[in-house]
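What follows is a set of notes on a single structure, which appears directly below.
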Amino acid sequence: MISVKKELRRLTMPIFIDIALVLLLGAVDTVMLSQYSDDAVAAVGLDNQLVSLVFLVYNFVAMGAAILCAQYFGAGMKTRFVQIVGIALSVNTLLALLTSTVLWLWAEPILIAFGLRENLMADGVLYLKITGSLSFFQAISLTISGALRSTGRPLYPMLATVAVNLLNIGGNYALIFGNWGCPAMGVEGAAWATAVSRIVATLILLCTLPALWPGKRKIFTNPLRIALHPMYSIRRQTTVVKNNFRPFPWDEMKNLFKVGIPAMSEELSYALSQIVITYFINKLSTEALTTKIYCSTVITFIILLSQSIVQGGDILVGQYVGQLRYRAAYILGNYIERFAMRLTLIVAALLAIGGRFILEALTDNPWIIETGTYIFIIDWFLSIGRVKNIFACGTLRAAGDVVYPVIVGVIFQWTVAVGLAWVIGMPMGFGLLGFWVAFALDENLRGITLMRRWHSKRWQGKAFTA
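At the far end of the sequence shown sits residue 466, using UniProt numbering, and the numbering has no gaps.
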């Protein structure tokens with residue numbers, strides 16, 4: 001168990017940094033463009049929301065592949081592992097090419113449908129055409145990153161994400177403002193910096209593909225050979241296709257969609273519920289919306305802590321389930337939940353105590369500071385349910401129990417997080433604090449329900465290696 005705990009800690013930190021940097025990437029354009037034009041920030045902000053929804057579509061294939069890869073890797077099923085990686089890359093590439101074409105051809109009608117104002121349209125269309133049409137590189141990156149993490153190699157996706165952020169910041173500095181001898185391109189410069197940095201990250205991750213094939217143990221075993229002799233890589237991958245994809249493994253394609261579609265459905269339901277909640281809060285007042293944005297941004301880093309621990313643990317749980325070692329998976333899962341809970345509640349308590357100082361550094365509005373301080377206190381209680389929810393949802397998926405979390409998520413997200421929040425916050429008059437109380441009820445009720453499923457062990461026997 002001690003070695004497993006060390007392995008969990010080894011996996012958690014790179015995943016935490018990776019997730020944090022992915023979130024940072026979207027914020028970098030906004031922050032740097034704020035020094036250029038407020039209109040540019042508004043246009044790019046809406047574009048980034050649309051691109052995030054596109055990435056959610058790509059992620060359903062990547063998530064499904066990662067779950068299956070962890071089980072196949074744990075069971076030592078190399079052929080099935082290679083097949084699912086190849087199928088996921090093919091499906092995501094085709095899906096991404098179609099989506100990228102749509103975003104290039106119909107960027108303006110899409111933005112009109114989303115209500116972008118006329119004075120922002122030129123910048124919005126330009127940014128969406130560039131980042132959207134080249135978004136298919138992100139689909140490839142998501143797939144490879146998921147496969148690498150499933151084999152216990154989260155360091156390489158993290159390094160690729162670090163490269164993305166450094167290139168994006170440098171590219172923005174050069175191309176938005178015209179530094180280092182580059183032309184000042186404004187929004188177009190930000191778009192190209194973001195797109196090119198994602199392309200570079202994809203190329204870095206593609207160099208790791210040979211390590212996923214059977215017989216390879218080290219990543220970048222001989223990168224110069226691959227770089228200087230591309231036919232080496234082509235010959236090797238042609239051999240892989242002949243050995244593993246003739247006849248085509250339709251059963252693995254079915255498994256990918258069986259896992260990926262439910263996972264995407266739950267994520268999509270949550271994203272849509274958050275849009276509706278934001279709409280309601282916007283109806284309260286501008287101050288309420290601003291407070292939500294400030295508090296949610298700070299709380300995000302607590303969520304990242306839970307997510308990184310659980311994602312690291314899910315890799316190990318998935319491998320145990322793939323080996324049909326259900327008892328080991330159950331014991332490890334319980335340890336992960338306790339570990340994540342302890343750390344999260346400590347950090348949430350520090351935020352509840354010192355959150356006022358953070359808000360005072362962000363704004364001088366007394367209403368926002370006072371309300372936000374109470375929200376941080378409520379969020380400590382919310383964190384109890386959030387950790388249970390993040391753990392149980394992710395771990396049940398890793399074990400192959402993919403449908404139950406979707407059903408529970410959709411029911412509670414729309415009846416409690418949206419419906420009850422509206423009742424408490426608006427007709428009953430409790431405002432933003434009423435919304436947060438409803439969020440706490442949603443997370444705790446959902447977490448309790450999913451934890452009951454975990455402890456019932458009904459997920460046993462749902463492994464794709466059984």
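Positions of the beta carbon are idealized from the N, C-alpha and C atoms, including for glycine.
Item                                                                                                                                                                         : Value
Given F376, which residues of its chain have a CB within under 6 Å of its CB, disregarding the five upstream and five downstream residues?                                   : L351, A352 and G355
In angstroms with no decimal places, state the Cα-to-Cα distance between V402 and A263.                                                                                      : 7 Å
Please classify residue 488 as buried or exposed, where buried requires at least 16 neighbouring CB atoms within 10 angstroms.                                               : Residue 488 is absent from the model: the chain starts at 1 and stops at 466.
Sorted by chain position, which residues of the same chain lie with C-beta nearer than 8 Å to P223's C-beta, five sequence neighbours on each side aside?                    : At P223, the pLDDT of 40 sits below 50, so the modelled position is not reliable and the matter cannot be decided from this model.
I think G132 touches L103, with their Cβ atoms under 8 Å apart; what is that distance to the nearest whole Å?                                                                : 3 Å
Give me, in chain order, the residues of the same chain whose beta-carbon lies closer than 6 Å to that of F137; leave out the 5 immediate sequence neighbours on both sides. : R198, I199 and T202
Expressed to the nearest angstrom, what Euclidean distance is found between the alpha-carbon atoms of N389 and G312?                                                         : 16 Å
Would the beta-carbon of I87 fall within 8 Å of that of G318?                                                                                                                : no
Is R318 helix, strand or coil when you go by DSSP?                                                                                                                           : Correcting the residue type first, residue 318 is Gly in the shown sequence and not Arg. Residue state, collapsed to three classes: helix.
Does DSSP put Y326 in a helix, a strand or coil?                                                                                                                             : helix
Classify T286 as buried or exposed, calling it buried when 16 or more other Cβ atoms lie within 10 Å of its own Cβ.                                                          : exposed
Cα separation between F257 and Y36?                                                                                                                                          : 43 Å
Within its chain, find whatever has a CB closer than 8 Å to the CB of F430; leave out the 5 residues flanking it on each side and keep chain order.                          : I424 and V437
Would you report the Cα separation of G409 and N444, rounded to the nearest angstrom?                                                                                        : 12 Å
Nearest CA to the CA of W459: which residue from C295, F435 and P405?                                                                                                        : P405
May I have the straight-line CA-CA distance separating A463 from Q71, to the nearest angstrom?                                                                               : 7 Å
By the DSSP assignment, the alpha helix (DSSP H) with D442 in it spans what residues?                                                                                        : G431 to S456
Measure the CB-CB distance between L362 and T373 and report whether it falls below 8 Å.                                                                                      : no
Can you give the Cα-Cα distance for G419 and I176, rounded to whole angstroms?                                                                                               : 43 Å
Quick one: give me the first and last residue of the alpha helix (DSSP H) that Y127 is part of.                                                                              : E118 to S133
Are V187 and L95 closer than 8 Å when you measure CB to CB?                                                                                                                  : no
What are the boundary residues of the alpha helix (DSSP H) that V387 is part of?                                                                                             : P366 to A398
Are the region 43-59 and the region 287-300 touching, with three or more C-beta to C-beta distances below 8 Å?                                                               : no
Going by DSSP in three states, F464 sits in which element: helix, strand or coil?                                                                                            : coil
Would you kindly work out how many angstroms separate the C-alpha atoms of L324 and I346, rounded to a whole number?                                                         : 35 Å
To the nearest whole angstrom, what separates the beta carbons of L209 and I277, a pair I think is in contact under 8 Å?                                                     : Actually they are not in contact, since the Cβ atoms of L209 and I277 sit about 40 Å apart, beyond 8 Å.
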